[in-house]
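Numbered continuously in the UniProt record's numbering, the sequence shown closes out at residue 73.
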Amino acid sequence: YISFDGPGGDLAHALLSNLDYRGIVHFDEAETWSTSSNGTNLFQLATHQFGHVLGLEDSKVRTAAVMHSIHDY
Numbered sequence: 001y002i003s004f005d006g007p008g009g010d011l012a013h014a015l016l017s018n019l020d021y022r023g024i025v026h027f028d029e030a031e032t033w034s035t036s037s038n039g040t041n042l043f044q045l046a047t048h049q050f051g052h053v054l055g056l057e058d059s060k061v062r063t064a065a066v067m068h069s070i071h072d073y
């Protein structure tokens, strides 16, 4: 965890694997993380970010189980 913009902003970001590292995910430590449906679910967000590490992009399809982004395009 690292703090990069405080609560309510970016929750996490991921970097693809390359020759120097095998993929990195940073989670904002300023967020209130949860393991349930109340609050920001760490497990769901981690699954989404690990998808990015594997090269998957955000999906515009609202029913996409893992890669749907909460951001508007």
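The beta carbon of each residue, even a glycine, is placed where N, CA and C say it ideally should be.
- Fewer than three beta-carbon pairs drawn from the segment 36-44 and the segment 15-25 are found closer than 8 angstroms, and the two stretches are therefore not classed as touching.
- Taking all protein chains shown into account, H13 has fewer than 16 neighbouring C-beta atoms within 10 Å of its C-beta and is therefore exposed.
- If the five residues before and after T35 are omitted, its C-beta is found closer than 8 angstroms to the C-beta atoms of N41, L42 and F43, all from its own chain and listed in chain order.
- By the Cβ neighbour-count rule, L54 is exposed, with fewer than 16 other Cβ atoms within 10 Å of its own.
- In the DSSP secondary-structure assignment, S59 is bridged to H68.
- In the DSSP assignment, L15 falls within the unbroken beta strand (DSSP E) covering A12 to L15.
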